[in-house]
Amino acid sequence: DTGVSQNPRHKITKRGQNVTFRCDPISEHNRLYWYRQTLGQGPEFLTYFQNEAQLEKSRLLSDRFSAERPKGSFSTLEIQRTEQGDSAMYLCASSPDRGTEAFFGQGTRLTVV
Amino acid sequence: AQSVAQPEDQVNVAEGNPLTVKCTYSVSGNPYLFWYVQYPNRGLQFLLKYITGDNLVKGSYGFEAEFNKSQTSFHLKKPSALVSDSALYFCAVRDTSGTYKYIFGTGTRLKVLA
Chain A
1 DTGVSQNPRH KITKRGQNVT FRCDPISEHN RLYWYRQTLG QGPEFLTYFQ
51 NEAQLEKSRL LSDRFSAERP KGSFSTLEIQ RTEQGDSAMY LCASSPDRGT
101 EAFFGQGTRL TVV
Chain B
1001 AQSVAQPEDQ VNVAEGNPLT VKCTYSVSGN PYLFWYVQYP NRGLQFLLKY
1051 ITGDNLVKGS YGFEAEFNKS QTSFHLKKPS ALVSDSALYF CAVRDTSGTY
1101 KYIFGTGTRL KVLA
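The listed protein sequences derive, respectively, from chains A and B. Here the working numbering is used: position 2 in the first sequence is 2, and no number is missing along the way. Here the working numbering is used: position 19 in the second sequence is 1019, and no number is missing along the way.
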């Protein structure tokens, strides 16, 4: 499969725990995005990487959220001290440097209990 | 600030009838516009885009969209709806100020009735 891959697909965690999600973009796609989607809403932008550089972070992204993209390949999104309000679908997308549309992964559904 | 609006939460259409899902946008400069579809518990799937050129763009699964600059609209259309088209549809605009992020509408649920 050459699409965007996200792991895990589902994660249930207790409030206060830390979680980490992984995204493997399409090979050679330089741009990588993280979005959050809650039920009945459109995806909300969280952060964007150009290669390994994190170029933009949304004001929605609290200090508990951190994302990395070492070596410009896969990316991780970590949420520390999870809260019930963090329950959502976390979507990763990638696009080539000269591309226009982004290609999305299947998402990681986080449930904080 | 750039934004898109999808005025209808839900659109119902009978199978075989034409469908339209509405989208209006607000951007500075030339818009890059997109439609995505989402099936339950799945990621977003790209349908079509408008960058420049013909105002009528064709995409996957028989969908097309009409770009109207004067009305700042980018409505999604299909001549004959299928039950399998039932899904959540999102309009999006890509930021043109250099960050390249995509800004999504709130989505429209399309229900095609047999």
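No residue lacks a Cβ here, since even glycine has one placed at the ideal position from N, Cα and C.
- Message: Counting beta carbon pairs with one atom in the segment 1030-1048 of chain B and one in the segment 1088-1106 of chain B, are three or more of them shorter than 8 angstroms?
- Response: Taking 8 angstroms as the limit for Cβ pairs, the verdict is that the segment 1030-1048 of chain B does touch the segment 1088-1106 of chain B.
- Message: Quick check on residue 17 of chain A: buried or exposed, where buried means 16 or more other Cβ atoms within 10 Å of its Cβ?
- Response: Numbered from its first residue, the first sequence carries residue 17 of chain A at position 17. The residue in question, residue 17 of chain A, is exposed, as its Cβ has fewer than 16 Cβ neighbours within 10 Å.
- Message: Output needed for residue 13 of chain A: all residues of its chain with C-beta closer than 8 angstroms, excluding positions within five of it in sequence on either side, in chain order.
- Response: As a working mapping, residue 13 of chain A is identified with position 13 in the first sequence. Excluding residues within five positions, the ones whose Cβ falls inside 8 angstroms are 19, 82, 110, 111, 112, 113.
- Query: For residue 21 of chain A, which of A:28, A:9, A:30 has the nearest alpha-carbon?
  - Reply: For the purposes of this step, residue 21 of chain A is taken as the residue at position 21 of the first sequence. Between residue 21 of chain A and the set A:28, A:9, A:30, the nearest pair of CA atoms involves A:9.
- Query: Name the DSSP beta bridge partners of residue 108 of chain A, please?
  - Reply: Within the first sequence, the letter at position 108 stands for residue 108 of chain A. When beta bridges are read from the DSSP output, residue 108 of chain A appears opposite A:90.
- Query: Based on the DSSP secondary-structure assignment, which residues constitute the bridge partners of residue 60 of chain A?
  - Reply: As a first step, residue 60 of chain A must be located in the first sequence, where it is residue number 60. Residue 60 of chain A pairs with nothing; no bridge assigned.
- Item | Inter-residue Cα distance where the pair is residue 1099 of chain B and residue 100 of chain A | Residue mapping note: residue 1099 of chain B aligns to position 99 of the second sequence, counting from 1. Residue mapping note: residue 100 of chain A aligns to position 100 of the first sequence, counting from 1. Approximately 12 angstroms, taken between the alpha carbons.
- Message: Distance cutoff 8 angstroms, beta carbons only. Does residue 31 of chain A sit that close to anything in chain B?
- Response: One-based indexing of the first sequence puts residue 31 of chain A at position 31. True, the Cβ-Cβ gap to chain B drops below 8 angstroms.
- Task: List the residues of chain A whose Cβ lies closer than 7 angstroms to the Cβ of residue 1100 of chain B, in chain order.
- Result: As a working note, residue 1100 of chain B is residue 100 in the second sequence. The contacting residues are 31, 48.
- Message: Less than 8 angstroms between the beta carbons of residue 67 of chain A and residue 75 of chain A, yes or no?
- Response: Locating residue 67 of chain A in the first sequence gives position 67, counting from the first residue. Locating residue 75 of chain A in the first sequence gives position 75, counting from the first residue. Yes, the Cβ-Cβ distance between residue 67 of chain A and residue 75 of chain A is below 8 angstroms.
- Label residue 1101 of chain B either buried or exposed according to how many other C-beta atoms from any shown protein chain fall within 10 Å of its C-beta, with 16 as the threshold for buried. Numbered from 1 along the second sequence, position 101 holds the residue referred to as residue 1101 of chain B. Buried is the label assigned to residue 1101 of chain B, since at least 16 other Cβ atoms lie within 10 Å of its Cβ.
- Task: Specify the secondary structure class of residue 1083 of chain B as computed by DSSP and reduced to three states.
- Result: Counted from its first residue, the second sequence places residue 1083 of chain B at position 83. Looking at residue 1083 of chain B - three-state DSSP - the assignment turns out to be helix.
- Message: Looking at the strands, I want to know which residues DSSP matches up with residue 24 of chain A.
- Response: By one-based count along the first sequence, residue 24 of chain A stands at place 24. Residue 24 of chain A pairs with A:5.
- Query: Of the residues that make up the segment 1027-1049 of chain B, which ones have a beta carbon closer than 8 angstroms to any beta carbon in chain A?
  - Reply: Cβ contacts with chain A come from 1032, 1034, 1036, 1041, 1042, 1043, 1044, 1045, 1046, 1049.
- Item | Residue environment, residue 36 of chain A, which counts as buried when at least 16 other CB atoms sit within 10 Å | Position 36 of the first sequence, counted from the start, is the residue given in the question as residue 36 of chain A. Answer is buried; the Cβ neighbour count reaches 16.
- Taking 8 angstroms as the CB-CB cut-off, is residue 65 of chain A touching chain B? Residue mapping note: residue 65 of chain A aligns to position 65 of the first sequence, counting from 1. Chain B contact via Cβ: absent.
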